[in-house]
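Residue numbers (my numbering): 33 to 130.
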């Protein structure tokens with residue numbers, strides 16, 4: 033069963049991102065939104081963790097949140113809200129890391 037994991041909290045405040053990456057299945061996706069998009073900040077430890085996870089086409093970020101935080105987000109596939117809905121339908125379940 034595939035899961036789309038959604039993280040909205042800053043990766044600098046707690047261990048949600050690290051915990052999520054440990055539990056991520058081979059076919060699971062990860063969507064960063066809100067302050068979680070700071071994980072894509074160049075040179076950051078969270079970005080290094082994401083790169084080590086080798087998610088490739090399974091790493092997504094909300095385009096609106098990237099823009100609001102002046103992040104280029106080239107390491108993730110930028111999606112709008114419509115694409116977010118489509119992603120949630122593509123995966124068997126959605127897990128929000130609250």
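A virtual CB, placed ideally from N, CA and C, is assigned to each residue, including glycine.
{"query": "Under the three-state DSSP convention, the category residue 115 falls into", "result": "helix"}
{"query": "Supposed close pair residue 72, residue 63 - CB separation, criterion 8 Å", "result": "In fact, because the Cβ distance is near 12 Å, the residues do not count as touching under 8 Å."}
{"query": "Same chain only: Cβ atoms within 8 Å of residue 52, ignoring 5 sequence neighbours per side", "result": "37, 39, 62 and 129"}
{"query": "Which of helix, strand or coil DSSP assigns to residue 35", "result": "strand"}
{"query": "Nearest candidate by alpha-carbon position, reference residue 97, set 108, 88, 90 and 87", "result": "108"}
{"query": "Nearest-angstrom Cβ-Cβ length linking residue 113 and residue 35, presumed shorter than 8 Å", "result": "20 Å between Cβ atoms; not a contact."}
{"query": "Heavy atom of the ligand SAH within 8 Å of residue 94 beta-carbon", "result": "The ligand SAH is absent from the structure shown, which contains no ligand whatsoever."}
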